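Everything on this sheet refers to the single structure shown next.
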Amino acid sequence: MTGPTRVVVVGADAAGMSSAHQALRTARRTGRELEVTVLDKGTHTSYSACGIPYWMAGDVGSGDDLVARTAGQHREAGIDLRMGVEVVSTDLEARTVTTDTGEVVEFDELVVATGAPAVVPDWALRPDGTTYDGVGTVKTLDDGAAWADRLAAAGDGAHVVIVGAGYIGVEVAEAALRQGFGVTVLTRGRGMSMLEDEMSDLVNVALCDAGAEVVLGVEVTGLVLDGDRVTGVRWDGGTREADLVVVAIGVRPATAFLEGTGIELTEGGALRPDPHGRVAEHVWSAGDCCEVRRRLDDQWVFRPLGTYANKHGRALGDSLAGGTLSFDGMVDTAITRFSVGEVHLEMARTGLSRKDAEAAGHDPVALVTEGRTASGYMPEAEPIALWVMADRTTRRLLGVQVVGGHGAGKRIDAAAAVLWAGGTVDDLAWMDLAYAPPFATAWEVLQVAARRVAERL
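First residue of the sequence shown: 82, per my numbering; consecutive thereafter.
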């Protein structure tokens, strides 16, 4: 008589715990018996890394508020969760993983959900590999706790330099400004470079209007130090005094423990699981250590977002236990905000960039339309700009970006629904959207923007 299927999950955040719980739920339905062990080198499970900047800003009271399920709750559900355990190597032939303590753990099915730690450049590190005092990333709850302490200890007039101007960089700039600190944002490209130039320019203006200094097109080359403590940042062409330095230049998949297994990794070290989460026989993966398939051009892209991690993790767990759920890609939808004092900007995108569209063989036509988030006579009405792109020949909607005031950002979801269904710019222009003066204009501005592109076609 055979025993239960031994499932080992490496990683205890969104994808890992979603897959573990779903596998147990599906196993109960399908009559399978699973023994699920989860190994994680960290100290926290199932937490919202996306919420850390809002903890830094004071919107969230503590790191505990960002935890969806504690380690104890996972264990109560029947999962053998072991924290502070790092997997350092894998033997697929023997079906074992080895931990940093030398323990060998056997598995029948292996789930890789190790995520993607923040990239820390050499200039931010001491010789022993730790960051200098006052320097850090924004990725884990331990990072969040460290920043809460640093910001609380910083005196009046302290200056925060943020290296990177993507989602985290902009959100941390909001947090630091709202705490009353001086802020400089350094980026080697454009601010919010995932947006088209004319849209990212609006973000840069908002940062400056709120009091931040924004320096574009620079490469940070080192730190100015007083002993082990940072006092400034150097880049190719300038320096800036700094009491604190936030490094927000991206993340990298944690897949080194798979080296030598024969499992194929991308150049950046990511995995490419199928819609059910399989990457090899008896090996599954989901979450930030993976690329995801963009449905619009059938391209694999690295998008480490919690929405994808949770969806793919659930599909993986279901499939592993005999179900049929699948994660069928995405359309590249994302959103954030920058809100300091009277400056409030929501920014969102979905679909392809102009560069992506051209690479996919489309003949794109794109326009920027400006309008209001509500009827002009309402006090809620705020400026909004929308970039809409469609294919000249097929009229297929290809991409939409939104930058504007309160209520602007979530308009992106209507565009994402059209993209998901493979619809045209005409579908977006004529679909049935809600109207009342506090929420929209009689001709919803998103549809006006779509209609203008349709007329240009």
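The beta carbon of each residue, even a glycine, is placed where N, CA and C say it ideally should be. Note that the coordinates shown come from a computational prediction; the quantities given were computed from them, not determined experimentally.
Own chain residues within Cβ distance below 7 Å of residue i, not counting five before or after
i           : result
residue 185 : 177, 179
residue 303 : 204, 315
residue 252 : 134, 417
residue 519 : 455, 459, 461
residue 212 : 201, 205, 206
residue 516 : 523, 525
residue 226 : 144
residue 500 : 377, 412, 431, 432, 478
residue 235 : 262, 324, 325
residue 115 : 85, 86, 88, 104, 105, 108, 402
residue 277 : 434, 435, 468, 482
residue 224 : 133, 217, 218
Own chain partners of residue i with C-beta closer than 6 Å, once the 5 adjacent residues on each side are dropped
i           : result
residue 305 : 312, 313
residue 188 : 87, 89, 176
residue 409 : 356
residue 484 : 280, 283, 428, 466
residue 373 : 384, 389, 411
residue 291 : 258, 421, 424
residue 120 : 91, 163, 166, 168
residue 265 : 242, 294, 321
residue 129 : 147
residue 260 : 232
residue 248 : 417
residue 339 : 171
Classification of residue i by the beta-carbon crowding that lies within 10 angstroms, buried from 16 upward
i           : result
residue 364 : buried
residue 511 : exposed
residue 502 : exposed
residue 437 : buried
residue 149 : exposed
residue 255 : buried
residue 110 : exposed
residue 399 : buried
residue 82  : In this prediction, residue 82 has a pLDDT of 44, which is less than 50 and means its spatial position is unreliable; what the coordinates show is noted afterwards. Exposed, by the Cβ-count rule.
residue 126 : buried
residue 445 : buried
residue 440 : exposed
residue 174 : exposed
residue 310 : exposed
residue 92  : buried
residue 369 : buried
residue 220 : buried
residue 362 : exposed
residue 382 : exposed
residue 190 : buried
residue 182 : exposed
residue 298 : exposed
Residues that residue i bridges to, as DSSP identifies them
i           : result
residue 243 : 266, 327
residue 511 : According to DSSP, which records beta bridges pairwise, residue 511 is partnered with nothing at all.
residue 280 : In the DSSP output, where bridge partners are listed per residue, residue 280 has none listed.
residue 375 : 380, 411
residue 145 : In the DSSP output, where bridge partners are listed per residue, residue 145 has none listed.
residue 538 : In DSSP, residue 538 forms no bridge with anything.
residue 485 : 427, 465
residue 214 : 310
residue 199 : 332
residue 480 : 432, 470
residue 564 : Only positions 82 to 538 of the chain appear in the structure, and residue 564 is not among them; the question remains open.
residue 163 : 120
residue 258 : In DSSP, residue 258 forms no bridge with anything.
Nearest-angstrom beta carbon gap, residue j and residue i [assumed within contact, 8 Å]
i           : j           : result
residue 414 : residue 493 : 6 Å
residue 138 : residue 105 : So it is not a contact: roughly 37 Å between Cβ atoms.
residue 333 : residue 349 : 7 Å
residue 465 : residue 489 : 5 Å
residue 387 : residue 95  : 5 Å
residue 97  : residue 192 : 7 Å
residue 244 : residue 328 : 5 Å
residue 195 : residue 287 : The Cβ separation is near 35 Å, so there is no contact.
Test: residue i CB closer than 7 Å to a CB of chain C
i           : result
residue 516 : Among the chains in the structure shown there is no chain C, since it carries only a single protein chain.
Contact set for residue i: own chain, Cβ-Cβ below 8 Å, skip 5 residues either direction
i           : result
residue 354 : 360, 365, 366, 367, 371, 393, 397
residue 425 : 418, 419, 463, 486, 487
residue 391 : 95, 96, 99
residue 538 : 446, 471, 473, 476, 506
residue 289 : 295
residue 514 : 495, 521, 525, 527, 528
Minimum length 4: unbroken alpha helix (DSSP H) runs contained in the stretch 387-474: Counting whole runs of 4 or more residues, the stretch 387-474 contains the alpha helix (DSSP H) stretches 387-401, 435-440.
Residue ranges of each beta strand (DSSP E) within the stretch 326-373, 3 or longer: 359-361, 364-366
Residue ranges of each alpha helix (DSSP H) within the stretch 273-323, 4 or longer: 278-290
Beta strand (DSSP E) runs wholly inside the stretch 85-130, at least 3 long, in chain order: 86-91, 115-121
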